[in-house]
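Peer 1: The listed protein sequences derive, respectively, from chains E and W.
With the working numbering, letter number 270 in the first sequence gets 270, and the count goes up by one each step, no holes.
With the working numbering, letter number 49 in the second sequence gets 49, and the count goes up by one each step, no holes.
Where is the CB? At the ideal position from N, CA and C, for every residue including glycine.
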Amino acid sequence: MTFWRKFLNMDRRIMWGAMFLIVAAVLLRPIGLPMQIGSTTEKFYDFVEDIPRGSIVWVEAGFGAGNLPEVGPQIRTFLIQAYRRDLRLIMSSTGVEGSQLGQEMFEDIKSQFFPDLEYGVDFLNVGYRPGTMIYARALADDVMSATGGVDIFGRSLADFPLASEVPRLHGDYVAVLAHFVGHDPPPDEWFAAVGQPGNIPIISGTPQMAVPQFIPFLEAGIIKANIPGMRGAAEYESLVGVLGSATAGQDVTSSMVLFITILVIMANVGYILTRKDTSS
Amino acid sequence: MRKQGPMIICTLAGLILIFSRYFQVGRDLGMLTTWDRWFMLSSGMAIGVGAINLTILHAKNVMRRTQYWQSSVILLVCMYGYMALAIHQTTGAGIPLWIFQSFMVTANSTLFSMVVFFIFSAAFRAFRIRSREAALLGLVAIITMFGVAPIGDALIPGWSGLKDWLLDVPNMAGFRGIQIGAYLGAFATAIRILLGLERAHMGGGGR
Chain E
1 MTFWRKFLNM
11 DRRIMWGAMF
21 LIVAAVLLRP
31 IGLPMQIGST
41 TEKFYDFVED
51 IPRGSIVWVE
61 AGFGAGNLPE
71 VGPQIRTFLI
81 QAYRRDLRLI
91 MSSTGVEGSQ
101 LGQEMFEDIK
111 SQFFPDLEYG
121 VDFLNVGYRP
131 GTMIYARALA
141 DDVMSATGGV
151 DIFGRSLADF
161 PLASEVPRLH
171 GDYVAVLAHF
181 VGHDPPPDEW
191 FAAVGQPGNI
201 PIISGTPQMA
211 VPQFIPFLEA
221 GIIKANIPGM
231 RGAAEYESLV
241 GVLGSATAGQ
251 DVTSSMVLFI
261 TILVIMANVG
271 YILTRKDTSS
Chain W
1 MRKQGPMIIC
11 TLAGLILIFS
21 RYFQVGRDLG
31 MLTTWDRWFM
41 LSSGMAIGVG
51 AINLTILHAK
61 NVMRRTQYWQ
71 SSVILLVCMY
81 GYMALAIHQT
91 TGAGIPLWIF
101 QSFMVTANST
111 LFSMVVFFIF
121 SAAFRAFRIR
131 SREAALLGLV
141 AIITMFGVAP
151 IGDALIPGWS
161 GLKDWLLDVP
171 NMAGFRGIQI
181 GAYLGAFATA
191 IRILLGLERA
201 HMGGGGR
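(1) Between E:Gly232 and the rest of its own chain, which residues show a CB-CB distance below 6 Å, the 5 nearest in sequence each way excluded?
(2) With burial defined as no fewer than 16 other Cβ atoms inside 10 Å of the residue's Cβ, what is the status of W:Val49: buried or exposed?
(3) Identify, in the order they occur along the chain, each residue of the same chain with its Cβ nearer than 7 Å to the Cβ of W:Ser160, setting aside the five sequence neighbours on each side.
(4) Kindly give me the distance between the Cβ atoms of E:Ile265 and E:Val166, rounded to whole angstroms, as I take these residues to be in contact under 8 Å.
(5) When DSSP labels each residue in this structure, what does W:Gly44 get in the three-state scheme?
(6) Taking Cβ-Cβ distances below 7 Å as the criterion, which residues of the region 132-151 of chain W are in contact with chain E?
(7) Pull up the CB-CB distance for W:Met45 and E:Glu97, whole angstroms please, since I reckon it's below 8 Å.
(8) If you run the structure through DSSP and keep just helix, strand and coil, what is E:His179?
(9) Please name the residue in W:Gly14, W:Gln70, W:Ala200 and W:Met202 whose C-alpha comes closest to that of W:Ile191.
(10) Please classify W:Arg207 as buried or exposed, where buried requires at least 16 other C-beta atoms within 10 Å of its C-beta.
(11) Does E:Leu68 get closer than 7 Å to chain W when you measure Cβ to Cβ?
(12) Taking 7 Å as the limit between beta carbons, can you name the residues of its chain near E:Trp4, skipping five residues before and five after?
(13) If we cut at 7 Å on Cβ distances, does W:Ile129 have a partner in chain E?
(14) Leaving out five residues before and five after E:Gln103 in sequence, what residues of the same chain have Cβ atoms less than 7 Å from its Cβ?
(15) Locate the alpha helix (DSSP H) running through E:Asn67, then write down its first and last residues.
(16) Of all the options E:Gly244, E:Phe214 and E:Arg155, which has the alpha carbon lying nearest to the alpha carbon of E:Ile109?
(17) Express the C-alpha separation of E:Val121 and E:Ala140 in angstroms, rounding to a whole number.
(18) Is it right to say E:His179 is buried, meaning 16 or more other beta carbons lie within 10 angstroms of its own, or is it exposed?
(19) Any residues in the region 160-173 of chain W with a beta carbon nearer than 8 Å to a beta carbon of chain E? Which ones, in chain order?
(20) By Cβ distance, which residues of its chain are closer than 6 Å to E:Glu237, with the 5 residues on each side in sequence left out?
(21) Name the chain E residues that come within less than 8 Å of W:Val105, Cβ to Cβ?
(22) Residues in the region 12-32 of chain W with C-beta within 7 Å of chain E's C-beta atoms, listed in sequence order?
(23) Measure the C-alpha to C-alpha separation of E:Leu287 and E:Phe20 and round it to an integer number of angstroms.
(24) Assuming E:Ile203 and E:Phe47 are in contact, meaning their beta carbons sit under 8 Å apart, how far apart are those beta carbons, in whole angstroms?
(25) With E:Glu235 and E:Gly38 assumed to form a contact (beta carbons below 8 Å), what rounded beta-carbon distance in angstroms separates them?
(26) What does E:Trp16 touch in chain W if you count any residue whose Cβ is under 8 Å from its own?
(27) E:Pro228 by DSSP, collapsed to three states: which one?
(28) Can the beta-carbon of E:Leu239 be found closer than 7 Å to that of E:Tyr83?
(29) Can you tell me whether E:Met91 is helix, strand or coil according to DSSP?
(30) Just list the residues that DSSP pairs E:Leu124 with in beta bridges.
(31) Can you pull the chain W residues whose beta carbon is under 7 Å from the beta carbon of E:Asp141, in chain order?
(32) On a Cα-Cα basis, can you pick out the residue from E:Gly64, E:Phe217, E:Ile56 and E:Gly182 that is closest to E:His170?
(33) Using only the alpha-carbon positions, how far apart do E:Asp86 and E:Glu70 sit?
(34) Who are the neighbours of W:Ser43 on chain E, taking C-beta pairs under 9 Å?
(35) E:Glu60 by DSSP, collapsed to three states: which one?
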């Protein structure tokens, strides 16, 4: 029984070391397991495909650097799909880091895939503003006043043609609200402030941790489609045909799930055996 | 009056908001928009108040040479240094952008990633079948984990369907219950604050 006792009291640094080695090994030599496309991700893809060409989509980038591995590939792939369909995007953020990270993603896909995109014509970033629901409601009233009339760089919105096409966040001007968040807020605030009164359908992308919180809204039709976590991002990359970091992360997720399951099963075997030993 | 004053302001603000939102006269006057702007302005000012508070606290630490006063110096230099740079160059370009990408994004991602290691070792110790509930928790966790990773479907085709059912049915039922309960609780608390029965938010705790 000494083995099991030692195993159960294993120093956690040994586990962490093993984790690190497995992640490194799988990243260096990917397994390439096949992946089924989930229905919600497919719905998201189809929803974007059905948006009329040339429409304006409002993107809420309310995530932070901590969610970048999961939500980052979702937004990046969304931008690629949107620009393939000639959509035009306005980005806002109720998270401090989201607006800057979203701006970098736009610059990145512009240089890689769409060099002709023009800031202010195809993309506009109104930056970070506090207040979430209050801010969303202010946007529904008057975009200029809610944003203070300036973009993320402090330049006047009046100088950009895209801004003049959306005087307020309403279904008359905006086709869809794409809501990418780290964890909070859930989409009910945007739905109550903008989605329902302005008749704007909402689609979302979330980290895996936030998925259970979003499902009731998805099932109720408040959100039309959702990309769930890194798995969803990988499915979305596969649908759009641009394989990126989420796809690369799938083998790591699989190997980690297998590793922890083996450890949990072994820990339970050890627990049962040592318990019997102790009681006898 | 130190207690009554904030209570009166709080009740008045609540009543005005109710009037602005739920009465046609209030809506016609566009009062909600005005209040929303006040809120956004207050939120911005709250950041300023926070910065002043932080400065006073850490300046005291430095002057009194309390334990870890060096960290206070780093905080003040970072805060005011970044603020000065950002005002000079805007946050979206130049050195402020470089600082954001090199420090903020990297540090935040690293901290978030490190949580995985702790979750891993916690799961190793927590998923012990000590009771029926613990067994159920462990089983659901394993089904969900395998459903999220491609390995689940690779080992047993259709595995992710089981995960989807768990999320769509039992999880949704539970979450809806929690959310409805939370909103009802928030509603009840709002009424108590409005009536002056709840005073914990003014400090001192309790009624």
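Peer 2: The relevant details are as follows:
(1) In the first sequence, residue 232 of chain E corresponds to position 232, counting from 1. If we look at E:Gly232 and ignore the five residues flanking it on each side, its Cβ neighbours are Thr41.
(2) The residue given as residue 49 of chain W occupies position 49 in the second sequence. Label assigned to W:Val49: exposed.
(3) Locating residue 160 of chain W in the second sequence gives position 160, counting from the first residue. So the list reads Gly147, Gly152 and Asp153, once near-sequence residues are dropped.
(4) Taking the first sequence and counting its residues from 1, one reaches residue 265 of chain E at position 265. Taking the first sequence and counting its residues from 1, one reaches residue 166 of chain E at position 166. Incorrect: roughly 55 Å between the Cβ atoms, too far for contact.
(5) Position 44 of the second sequence holds residue 44 of chain W. Correct three-state label for W:Gly44: helix.
(6) Listed by position along the chain: Gly138, Ile142, Met145, Phe146, Val148, Ala149, Pro150 and Ile151.
(7) Translated into positions along the second sequence, residue 45 of chain W becomes position 45. Translated into positions along the first sequence, residue 97 of chain E becomes position 97. Contact flag wrong, Cβ pair sits at about 22 Å.
(8) Here the question's residue 179 of chain E lines up with position 179 in the first sequence. Look at E:His179 here: in three-state DSSP terms it is strand.
(9) Along the second sequence, read from residue 1 onward, the residue named residue 191 of chain W stands at position 191. Selected option, being the one with the closest Cα: W:Gly14.
(10) By one-based count along the second sequence, residue 207 of chain W stands at place 207. With a pLDDT of 46 at W:Arg207, under the threshold of 50, the predicted position of this residue should be treated as unreliable, and no value is reported.
(11) By one-based count along the first sequence, residue 68 of chain E stands at place 68. Yes, its Cβ sits closer than 7 Å to a Cβ of chain W.
(12) The sequence position of residue 4 of chain E within the first sequence is 4, counting from 1. Only Gly270, Leu273 and Thr274 meet the Cβ criterion.
(13) Looking up residue 129 of chain W in the second sequence gives position 129. The beta carbon of W:Ile129 falls within 7 Å of a beta carbon belonging to chain E, placing the residue at that interface.
(14) Residue 103 of chain E sits at position 103 when you count from the first residue of the first sequence. The answer, listed in chain order, is Asn125 and Ile152.
(15) Here residue 67 of chain E is taken as the residue at index 67 of the first sequence, counted from 1. Run containing E:Asn67: none; DSSP gives neither H nor E here.
(16) Here residue 109 of chain E refers to the residue found at position 109 when the first sequence is read from its first residue. It is E:Gly244.
(17) Locating residue 140 of chain E in the first sequence gives position 140, where the first residue counts as 1. Locating residue 121 of chain E in the first sequence gives position 121, where the first residue counts as 1. The alpha-carbon atoms of E:Ala140 and E:Val121 are separated by roughly 21 Å.
(18) Walking along the first sequence from the start, residue 179 of chain E turns up at place 179. Counting the other Cβ atoms within 10 Å of the Cβ of E:His179 gives 16 or more, which makes it buried.
(19) For chain E, the residues of the region 160-173 of chain W that bring a beta carbon within less than 8 Å of one of its beta carbons are Ser160, Asp164, Leu167, Asp168, Asn171 and Met172, in chain order.
(20) One-based indexing of the first sequence puts residue 237 of chain E at position 237. Taken in chain order, the residues that qualify are Thr77, Leu243, Gly244, Ala246 and Thr247.
(21) By one-based count along the second sequence, residue 105 of chain W stands at place 105. Within chain E, the residues near W:Val105 are Ala65, Leu68, Glu97 and Leu101.
(22) Of all residues in the region 12-32 of chain W, none places a beta-carbon less than 7 Å from a beta-carbon of chain E.
(23) This structure cannot speak to residue 287 of chain E, because chain E is shown only from 1 to 280.
(24) Position 203 of the first sequence, counted from the start, is the residue given in the question as residue 203 of chain E. Position 47 of the first sequence, counted from the start, is the residue given in the question as residue 47 of chain E. Contact check for E:Ile203 and E:Phe47: beta-carbon distance about 6 Å, within the 8 Å limit, so the pair qualifies.
(25) Taking the first residue of the first sequence as 1, we reach residue 235 of chain E at position 235. Taking the first residue of the first sequence as 1, we reach residue 38 of chain E at position 38. Contact between E:Glu235 and E:Gly38 holds, with the beta-carbon distance rounding to 6 Å and staying under 8 Å.
(26) Here residue 16 of chain E corresponds to residue number 16 of the first sequence, with the count starting at 1. In chain order: Phe117, Phe120 and Ser121.
(27) Along the first sequence, read from residue 1 onward, the residue named residue 228 of chain E stands at position 228. Reduced to three states, the DSSP call for E:Pro228 is strand.
(28) On the first sequence, residue 239 of chain E is found 239 positions in, with the first residue counted as 1. On the first sequence, residue 83 of chain E is found 83 positions in, with the first residue counted as 1. At a Cβ-Cβ threshold of 7 Å, E:Leu239 and E:Tyr83 do not count as neighbours.
(29) What you label residue 91 of chain E is simply residue 91 of the first sequence in a count that begins at 1. Of the three classes helix, strand and coil, the one that applies to E:Met91 here is strand, per DSSP.
(30) Here residue 124 of chain E refers to the residue found at position 124 when the first sequence is read from its first residue. E:Ile90.
(31) As a first step, residue 141 of chain E must be located in the first sequence, where it is residue number 141. Per Cβ cutoff of 7 Å: Thr33.
(32) In the first sequence, the residue the question calls residue 170 of chain E occupies position 170. For E:His170, the nearest C-alpha among the options comes from E:Ile56.
(33) Within the first sequence, the letter at position 86 stands for residue 86 of chain E. Within the first sequence, the letter at position 70 stands for residue 70 of chain E. Going from the Cα of E:Asp86 to the Cα of E:Glu70 covers about 25 Å.
(34) Your numbering for residue 43 of chain W matches position 43 in the second sequence. Taking a Cβ-Cβ cut-off of 9 Å, the neighbours of W:Ser43 in chain E comprise Arg129, Pro130, Gly131, Ile134 and Tyr135, given in sequence order.
(35) Taking the first sequence and counting its residues from 1, one reaches residue 60 of chain E at position 60. In the structure shown, E:Glu60 sits in a strand (DSSP, three-state: E or B).
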